[in-house]
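Read through the structure below, which is laid out as structure tokens, and then see the notes.
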Amino acid sequence: MASSNTKRSFLRKWIFRPSIWACIISVLAYWDHEALHGSLVYDDAGSLKSNPVVTGAVPWTEVATRDFWGTPMATPQSHKSFRPITTLTFRLNWLLSEHLGTNGTDTHTLGFHVVNVGLHGIVTGLVTESAAMVFDFHESEANTLAQLLTGLLFALHPVHAEAVSNITSRGELLMSLFFLLAFLSFSDFHPDKKPNQSRWKTLLFVYTLPWFCMTVSLFCKEQGATALITITIWDFLVQHSSLRLFLSKLQRRDQSALNFTRRTAIFAFQTLLVVALRYWLNGESSPDFIFDQNPAGFSEDRFTRVFSICWVYCLYLWDAVYPSSLCPDWSGKSIDLIDNIWDPRVPLVVALWVFVLGCLLSVATGLPLTVTRRTQHARCVFLVAFFAFVASPFLLSSNLLVVVGLMKADRVIYLPLMGVCIMETLLIQLIYHEVANEGRLQSRAYTLPGTRLTLPGYILLMFQLFLFAAKVHERNVAWSHSLNLWRSAFEINSRSHHTRYNCGYELSLKKRYEEAEQVLRPIADPYVESPSTSFVYAMVLFNLGHCDDSLKLIDEAFYAIDERRRQGGVRNSEDKLVRMESNLLVAQAYCTSNTAVAGKLMYDAVQVDRTNAYAVEQASEMVRRLTATHERRGSIA
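Following the UniProt record's numbering, the numbering of the sequence shown begins with 1 at its first residue and continues without gaps.
Next up, the structure:
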């Protein structure tokens, strides 16, 4: 009998645990053969193939002095994104590929993608476990349905495709993993939840382990620095509900208020210490971002900057609710700036401000003063979800503290979507629930009403999850190959010049020159765009037989390079300029009918930049073709 009870207890605790099923579903959603064997896309080549730490070109200990892209942190060219933990996982993946002999083969990326999918599964499980601490902190039995709904919504949210399918975005996954471990360590061993636990457990699990996990999270990606802020917000709202109540307790010298004040002071010191170390690692120079990457953040007009940044918040919120227009690049003119008060988007921004202000007033005063503890608990869950799991992990990507390198990027809301999923679960439970009997209401007075949804609630939820799963599959296919990615991006956001360039380039690689020419034509001006774009467009014109137009464009591109050389700056370094010149000389050689002149141009292309593998390859190919031609003529003679 005891054995049977133990077995049932085990099944209930682990086999039927919501986090286990959410984890399994999240892995299955991304276990797609085409996506797992997909090629390196977007910025994968920069973070992997071009990173000397990952490839082993430099000792792995160099990870302590180089940024995420392999550039020494001390140099002005550094991106200042210091993520050594993430880089080391890439290095381990690379070593495994070398050991299995898959480097350079179609299965080279399999190990990288499998790790990303596995991490997403683990994070989804941790999100599901964390939801229990948000919905039902004071109960020994967590609200199982709320946990499961939160986990499923998070597992299948289409916005996550960029963070999971893009290898480079592994930093988001690792950061979220240690971020949530910090939260769970604190919440599981909270002194008010376990008042009789030993001091060493409190020291280890409340103060030391969360700090350690926050530090590791920060060195996976910078957003991890807010982990202890999330913990403090949750601690405050769960224990004290409002600032007014907290101040009242503090005046009475209530022990819970004093303990919270002490914990907050310790967490503040720990956070500042780690952030100061991270800031020191940046060195004396700052990252060299340009206006085109983040027009809203770099706008000189304060009105335009504030309203445009807040409009991007609205777009993030829309993606969280209705993820239909997902794109890897939103730079340049992709999003119109709000530069006047009459812009029709201004009321939406103001509405967002009113919402945030209302939430802040509720935290400060405890309003609205609800008549039941149940609805008061719903208020607490909503505020925790918004401030602790949406606002806090999004803080460093918000352009409020520092201007970031991208105006909008889907991957930065990977963890903040946890808060959105909790809020949706809360609303679903409040709207579509079965009314429990009076006895049950009395026994669970502190928790949300009911634990079962009505039939309409189940139908709507299943329909949403089905749509999410279908969209995840669509995004998996898009992220499996560069052409798929940039074609889908071009259909959604053709205003991005970066998207146009990449789409045109990928089309040219597939010899679809007519389509490539149409895509690249609007951005071919070398004085407006990079001369690199002019090179790709010139090669497309050559393959279409428009050599005169190609040569004219190449001449303009050379003048544009000279202009950039006079301007100077990190973005116009000599290494980059000579690479552009070398590529343009290759294009010029192909468009020249005189064989001797073409050979001289190809020779110059190699001499200008001896590290340009493309120029060396094309020069060798030209020599092979000329040799074959001479041999054929000799045999005919």
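Think of the CB as a built atom: it goes at the ideal place given N, C-alpha and C, for glycine as much as any other residue.
As the structure is a prediction and not an experimental result, all values here were calculated from the model.
Reduced DSSP secondary structure (H/G/I, E/B, other) of residue i
i, result
"P52", "helix"
"R624", "helix"
"E141", "Residue placement at E141 is flagged as unreliable, the pLDDT there being 45, under the threshold of 50; a coordinate-derived value is accordingly withheld."
"P72", "strand"
"R66", "strand"
"T124", "helix"
"P287", "coil"
"R444", "Confidence at R444 is low in this model, with a pLDDT of 41, below 50, so its placement is unreliable and no value can be given for it."
"S39", "coil"
"S324", "coil"
"Q77", "coil"
"R566", "helix"
"H160", "helix"
"residue 654", "Examination of residue 654 is not possible in this model, given that the chain is present from 1 through 637 alone."
"residue 639", "Coverage of the chain is limited to positions 1 through 637, which leaves residue 639 absent and any answer about it impossible."
"V58", "coil"
"T109", "coil"
"W330", "coil"
"E424", "helix"
"E300", "coil"
"T150", "helix"
"K471", "helix"
"L415", "coil"
"Y30", "helix"
Cα-Cα separation, residue i to residue j
i, j, result
"E515", "D32", "29 Å"
"S397", "H79", "15 Å"
"L441", "V472", "Low local confidence applies: a pLDDT of 40 at L441 is under 50, so the model's placement there is unreliable, with the coordinate-based value given in what follows. Those two C-alpha atoms are separated by around 39 Å."
"G171", "S187", "24 Å"
"K221", "H160", "16 Å"
"C591", "A613", "20 Å"
"V41", "E162", "11 Å"
"Q77", "T61", "20 Å"
"P287", "E529", "21 Å"
"D136", "S534", "59 Å"
"V63", "L455", "54 Å"
"F307", "I422", "27 Å"
"V477", "K600", "44 Å"
"S248", "G70", "53 Å"
"G358", "F236", "18 Å"
"D575", "E563", "15 Å"
"E491", "G366", "47 Å"
"V275", "A351", "33 Å"
"A45", "F90", "12 Å"
"T627", "E581", "26 Å"
Beta-carbon proximity of residue i to residue j, cut-off 8 Å
i, j, result
"I229", "L48", "no"
"T232", "T264", "yes"
"G111", "C23", "no"
"A182", "P158", "no"
"G297", "V403", "yes"
"V381", "L426", "yes"
"V312", "I338", "no"
"F205", "S185", "yes"
"V39", "A155", "The sequence shown places Ser at residue 39, not Val. No."
"R487", "C503", "yes"
"A524", "L544", "no"
"F179", "S241", "no"
"L577", "I561", "yes"
"L281", "M539", "no"
"S165", "Y30", "yes"
"G405", "Q293", "yes"
"M407", "F389", "no"
"T499", "D319", "no"
"L148", "W21", "yes"
"V586", "A605", "yes"
"A596", "A589", "no"
"T128", "S392", "no"
"K201", "F212", "no"
"L584", "A557", "yes"
**Study point:** beta strand (DSSP E) runs wholly inside the region 495-540, at least 3 long, in chain order
**Key:** none
Point to revise | 3-residue-minimum beta strand (DSSP E) runs that sit fully inside the region 336-361, ordered along the chain | key: Secondary structure remark: continuous beta strand (DSSP E) runs of at least 3 residues inside the region 336-361: none found.
Practice item. Pick out the complete alpha helix (DSSP H) segments inside the region 173-231, 4 residues or longer, and give them in chain order. Key: 199-202, 209-218
Review point. Which residue spans inside the region 259-286 form an unbroken alpha helix (DSSP H) run of at least 4?
Key: Qualifying alpha helix (DSSP H) stretches: none in this window.
Review point. Which ranges does the alpha helix (DSSP H) cover as unbroken runs of at least 4 residues, wholly within the region 535-616, from first to last along the chain?
Key: 547-567, 574-590, 595-608
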